[in-house]
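Below is one structure; the comments refer to it alone.
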Amino acid sequence: MDLITKCSELPHEQLCEEIRIAGLARKQALDSGSEADVEMAESVLDWYLDELAERLRRGRVPDVRTVRDSREDEPVPQ
């Protein structure tokens, strides 16, 4: 399974986590000064961001109530 297919199957929360991780990888690559690593990290980050943008255009992002209901065991921030 390729990254684009995998990314389209991720639940919203996991997609957001992958975006966060890809952003951290990009930052580390920038800090290391490796141009090839930066390009790879940015490419992966772009794939995830493109998927999120597509979901937003299609209205597939869950609303706050749906996310909250799926996490009943976790405290809700005040």
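Start counting at 1 in the sequence shown, then tack on 167, and there's your number in our numbering. All C-beta atoms, glycine included, are put in the ideal place defined by N, C-alpha and C.
### Endpoints, alpha helix (DSSP H) assigned at L219
In the sequence shown, counting from the first residue as 1, residue 219 sits at position 52. Residues E202 to R225.
### Query
chain B beta carbons: is any one of them nearer than 8 Å to that of R187?
This model lacks chain B altogether, as it is built from one protein chain only.
#### Entry: Beta-carbon gap between G190 and L212 smaller than 8 Å
For the purposes of this step, residue 190 is identified with residue 23 of the sequence shown, where counting begins at 1. For the purposes of this step, residue 212 is identified with residue 45 of the sequence shown, where counting begins at 1. Closer than 8 Å, so yes.
### Task
In angstroms with no decimal places, state the Cα-to-Cα distance between S210 and A203.
Residue mapping note: residue 210 aligns to position 43 of the sequence shown, counting from 1. Residue mapping note: residue 203 aligns to position 36 of the sequence shown, counting from 1. Spanning the two alpha carbons is a distance of roughly 11 Å.
### Message
I need the straight-line Cα distance from A192 to P178, nearest angstrom please.
### Response
In the sequence shown, counting from the first residue as 1, residue 192 sits at position 25. In the sequence shown, counting from the first residue as 1, residue 178 sits at position 11. C-alpha separation (whole angstroms): 21 Å.
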